[in-house]
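A.B. asks: Residue numbers for the sequence shown follow the working numbering, beginning at 442 and rising by one.
Idealized CB from N, CA, C, for every residue including glycine.
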Amino acid sequence: MKDGRKHFTGLAFHPSGKFLAATSNDETVKLYDTNTWELAHSFTWKVGRMRSIAFSPDGALAAAGSDKGQVVVWDVDL
442 MKDGRKHFTG LAFHPSGKFL AATSNDETVK LYDTNTWELA HSFTWKVGRM RSIAFSPDGA
502 LAAAGSDKGQ VVVWDVDL
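#1: Grouping DSSP H, G and I as helix and E and B as strand, with all else coil, what is Arg492?
#2: If we count the other Cβ atoms within 10 Å of its Cβ and call it buried at 16 or more, is Phe460 buried or exposed?
#3: Between the region 474-481 and the region 493-512, do at least 3 Cβ pairs fall closer than 8 Å?
#4: Around the Cβ of Ser483, are there at least 16 other Cβ atoms within 10 angstroms (buried) or fewer (exposed)?
#5: Thinking Asp516 and Leu502 are a contact (beta carbons under 8 Å), I'd like their distance in whole angstroms, please.
#6: Could you tell me the alpha carbon to alpha carbon distance between Asp444 and Asp467, rounded to whole angstroms?
#7: Along the chain, where does the beta strand (DSSP E) containing Ala435 start, and where does it finish?
#8: Is Val512 helix, strand or coil when you go by DSSP?
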């Protein structure tokens, strides 16, 4: 059903607790500031709808997986 909803498909807190990362059906990863719950950063890759998100234990890296089986890994510069 194409009703325009963009549901969260994955969530992960940054190890510092200062950010919540969310993946969704719109092919984005969004980082929300947990103090204000405002959008701090948004990332878009053309690898399909994002399904999962995780941070490394030290918070320096993040990885997100898509429904096409691709994984994006990036340096988290917060």
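C.D. replies: On the basis of the supplied data:
#1: Here Arg492 sits in strand by DSSP.
#2: The Cβ neighbour count for Phe460, taken over all protein chains shown within 10 Å, is at least 16; the residue is labelled buried.
#3: Counting Cβ pairs under 8 Å, fewer than three are found: no touch.
#4: Burial is judged here by how many other beta carbons sit within 10 angstroms of a residue's own beta carbon; Ser483 has fewer than 16 and is exposed.
#5: Right, the Cβ-Cβ distance comes to about 6 Å (below 8 Å), so this counts as a contact.
#6: For Asp444, the predicted model reports a pLDDT of 48, less than 50, meaning its position is unreliable; a value from the coordinates is still stated below. Rounded to whole angstroms, Asp444 to Asp467 spans 13 Å at the Cα level.
#7: Residue 435 lies beyond the range of the chain shown here (442 to 519); nothing can be said about it.
#8: Reduced to three states, the DSSP call for Val512 is strand.
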